[in-house]
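Enquirer: Using mature numbering (1 follows the signal peptide of the UniProt record, and there is no 0), the letters of the sequence shown correspond one by one to residues -23 to -1, 1 to 591.
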Amino acid sequence: MKVLKSISIGIGLSVLLSGHALAAPATAASGLAVEQGQFVFNGKPFRIIAGDMHYSRIPREYWRARLKMAKAMGLNTITTYVFWNAHEAVPGHYDFSGQNDVAEFIREAQQEGLYVILRPGPYVCSEWEFGGMPAWLLKDGDIPVRSTDPRFMQPAQRWLHRLGQELAPLQLARGGNIIAVQVENEYGSFGHDNAYLEQIRQSLIDSGFNTSLFYTSDSAEQPGSLPDLLKVINFGVGHAREKFAQLHTWQATGSYMAGEYWVGWFDHWGGPHHVSDPKLVASELAWMLQQGYSVNFYMFHGGTSFGWMNGANWDDDSYQPDVSSYDYDSPLDESGRPTPKYDALRKVIIQATGATPPPVPATPPTQAIKGIKLDESVSLWDALPTPTSSHALETMEALGQAYGDILYRKRVTADFAGQLHIDGLHDYAQIYVNGKRIGTLDRRLKQDHLPVKLAKGDTLDLLVQNDGRINFGEKMRTERKGILGGVTLHGQPLLDWQIYSLPFNDSEALHYTNAACQHAPCFYRGNFDAPVSGDASADTFLDTKGLGKGFVWLNGHPLGRTWSIGPQQTLYVPGVWLKPHGNQLIVLDLLVEGQPMLNTLNHPVLGTTTVTVP
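(1) Just list the alpha helix (DSSP H) runs in the stretch 335 to 364, keeping only unbroken ones of 4 residues or longer that don't cross its boundaries, in chain order.
(2) Please classify Arg414: does DSSP put it in a helix, a strand, or coil?
(3) Could you compute how far the alpha carbon of Arg84 sits from the alpha carbon of Ala42?
(4) Counting only runs that start and end within the stretch 501 to 546, where is the beta strand (DSSP E) found for 3 or more residues in a row?
(5) Relative to the C-alpha of Gly395, which candidate in Ile182, Asn411, Thr585, Val429 has its C-alpha closest?
(6) Could you tell me which residues DSSP puts in a beta bridge with Ile155?
(7) Does the Cβ of Val529 have 16 or more other Cβ atoms within 10 Å, making it buried, or fewer, making it exposed?
(8) According to DSSP, is Phe23 part of a helix, a strand, or is it coil?
(9) For His70, is the classification buried or exposed, using 16 other Cβ atoms within 10 angstroms of its Cβ as the cut-off for buried?
(10) Ignore the nearest five residues each way along the sequence and tell me which others in Ser124's own chain have a CB closer than 8 Å to its CB.
(11) Please look up how many angstroms separate the CB atoms of Thr577 and Ile327, rounded, as I've assumed it's under 8 Å.
(12) CA-CA distance, Gly108 and Trp61?
(13) At 4 residues or longer, and completely inside the stretch 193 to 247: list those alpha helix (DSSP H) runs for me, N to C.
(14) May I ask you to list the residues that DSSP assigns as paired with Glu12?
(15) At the level of alpha carbons, what is the spacing between His225 and Gly213?
(16) Just verifying my parser: in three-state terms, what is the DSSP assignment at Gln561?
(17) In whole angstroms, what separates the C-alpha of Pro404 from that of Gln545?
(18) Please classify Ala6 as buried or exposed, where buried requires at least 16 neighbouring CB atoms within 10 angstroms.
(19) Let me confirm a value: Asp306 is counted as buried when at least 16 other C-beta atoms fall within 10 Å, else exposed. Which label applies?
(20) Which class does Thr585 belong to by DSSP, given the choice of helix, strand or coil?
(21) In chain order, which beta strand (DSSP E) runs of at least 3 residues are fully inside the stretch 78 to 142?
(22) Throw me the rounded Cβ distance for the residue 594 and Asp29 pair, which I believe falls under 8 Å.
(23) On a Cα-Cα basis, can you pick out the residue from Pro97, Ser478, Tyr303, Ser367 that is closest to Val582?
(24) Under a three-way DSSP split, which group does Gly69 fall into?
(25) If you compare alpha carbons, which of Tyr477, Asp293, Pro200 is closest to Leu422?
(26) For Glu353, does the count of other Cβ atoms within 10 angstroms reach 16, so buried, or fall short, so exposed?
(27) Along the chain, where does the alpha helix (DSSP H) that runs through Leu322 open and close?
(28) Based on the DSSP secondary-structure assignment, which residues constitute the bridge partners of Phe274?
(29) Using the rule of at least 16 other Cβ atoms within 10 Å of the residue's Cβ for burial, across every protein chain shown, is Asp205 buried or exposed?
(30) Quick one: grab the DSSP three-state call for Leu422.
(31) To which residues does DSSP link Ala406 through a beta bridge?
(32) Given a cut-off of 8 Å, decide if Leu140 and Asn178 are closer than it, judged by their beta-carbon atoms.
(33) Between Ser282, Pro308, Val300, which lies nearest to Ser253 when the distance is taken from Cα to Cα?
(34) How many whole angstroms separate the CB atoms of Thr587 and Pro249, which I take to be in contact at a CB cut-off of 8 Å?
This is the structure in structure tokens:
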């Protein structure tokens, strides 16, 4: 997603045979097409009613349950993005195992009687880190992503070809259930290079995606498409009439579809928690279906941007990092439970189609766990790796680092009192002199300087945290992390640094002690059983009250970020990631010292302030 006034993120199509009961996916070679201004399937008219959900945002063990919920709301197609950076974290090394087994996700959808619409990128937006593109693309300082430049196009083509080995056999014409494939994503909000779009389309064909309907999805004033591609349009609640009128000007003969109907919205750190009125969403859906339009809910089920995978926006000349929760005020909430919006939309779909979907599955109870004591700790300052010596500052990407923090250390050679200025801070810096924190600078707040007093021989430390790469718009092309420019004292550049890469990918291997941590940032570790009574595998929500800013791991699973500024105040803990005994919780906190005590709740707290999505 992105800025509501200009763009969105996902599209999911659910193919519902107009006037007929929900049908299991066909296996014939004939599939989804556009004929005489309407969708047809196997020669019969189709109305598309859909919902987005993404395999990477749902624990693998819960894929099947979420798919059943989609079927029960009246959908019969799921759309999913494919996140390049999740599969090729290291150039040339591809991972389609475990949580990344997107082919299995698609096969399970077919087993539940659901078609699949595929959005393979290479760019996907989706409030996902760098729009799904791998950070290593940025190691080359001036690479123009989303362009025909070979430095981008060649790795993108290799990625699509490798993805084709996994997913092209799952197209409908080959016995699978993939019926449509998107060409790039919302390109109209980024550029106007048809040669680029044509190369992406040809790469998809060369990768084996040559038996599915191709389309593009946009919410910009101009579609990012090619003349012969189907176009769908994206918009938020309350804008259906005007946006479909716009689509008619793009595509005078149809077919007409809300490619992304934003039934909720995403949250930024330091902002409100967004919700929309279920009654308004339901009434607008009813109007769209009455017009014979097709529609996709973005999101049907948002889930969680686990780990470091939250993205960020650039809006009104400001950086806006997203929270880890991708609840999105969806019909199915972050933990997979139906909401009033789910019930309202289900009723509208039943009335409009005359089809009776399966009963809504029961959802298991949640649990609360009290008294998780983080009684082991180690200070970050006692766990620093070997540094890199550099005359000038280097970014994370230049050092081969994707996520986490980076520390710049400098021994001061003369006395100084005045302004310290950081040029190109990405994104949040804590400044220390001789180990004592003297201030913070936050890119969100456009802060780039503070007064310092230094003496010859002092150690100046700049600890910079990557809060998530921008996932939308032209700013992506300069979205490197760390310090992009230089550091000056009263206008004089500081050179000759020791630089520490801190990807935090080995937090379990640190040397913890039983003493309270007295020198933040601190790693904390605690062990607990789940539950005191009840079901150990029940979902729960980690209450982050009392924590400052940092990150949490549970039994090796990266849950996501914490930040006391909110709005998110809990982290979703999937019950399938818990054990009856011996659960290990690790917390990195930049600010808190001592021995924190945490609890989990049986419900999420995503923010006390809410706003209505326009």
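Using N, Cα and C, we set each Cβ at its ideal position, and we do this for glycine too. Every value quoted in this text rests on a predicted model; they were computed, and no experiment measured them.
Expert: With the structure as the only source:
(1) none
(2) strand
(3) Roughly 14 Å between the two C-alpha positions.
(4) Segments of the beta strand (DSSP E) lying fully in the stretch 501 to 546: 517 to 520, 526 to 531, 534 to 540.
(5) Val429
(6) For Ile155, which the question treats as bridged, DSSP gives the partners Val93, Gln148.
(7) Val529 is buried by the Cβ-count criterion.
(8) Looking at Phe23 - three-state DSSP - the assignment turns out to be coil, as it is neither helix nor strand.
(9) exposed
(10) If we look at Ser124 and ignore the five residues flanking it on each side, its Cβ neighbours are Met130, Gly168, Asp170, Tyr173.
(11) Not confirmed; about 37 Å, so no contact.
(12) Computed Cα separation, rounded: 9 Å.
(13) 217 to 227
(14) Gln15
(15) 18 Å
(16) strand
(17) Checking the sequence, you will find Asp at residue 404 rather than Pro. Going by the C-alpha atoms only, they are around 19 Å apart.
(18) Only weak support is given to the placement of Ala6: the predicted model assigns it a pLDDT of 38, under 50, and the value that follows is read from those uncertain coordinates. So Ala6 counts as exposed.
(19) buried
(20) coil
(21) Runs of the beta strand (DSSP E) inside the stretch 78 to 142: 92 to 96.
(22) This structure does not reach residue 594, given that the chain is present from -23 up to 591, and the question cannot be answered.
(23) Restricting attention to Pro97, Ser478, Tyr303, Ser367, the CA atom closest to the CA of Val582 is found in Tyr303.
(24) In the structure shown, Gly69 adopts coil according to DSSP, grouped into three states.
(25) Asp293
(26) buried
(27) 317 to 330
(28) Gly28, Tyr238
(29) So Asp205 counts as exposed.
(30) Three-state result, Leu422: helix.
(31) According to the DSSP secondary-structure assignment, Ala406 is paired through a beta bridge with Leu418, Val441.
(32) Here residue 178 is Arg; the residue named in the question, Asn, does not match the sequence. No; because the gap between Cβ atoms is not below 8 Å, this pair is not in contact.
(33) Pro308
(34) 6 Å
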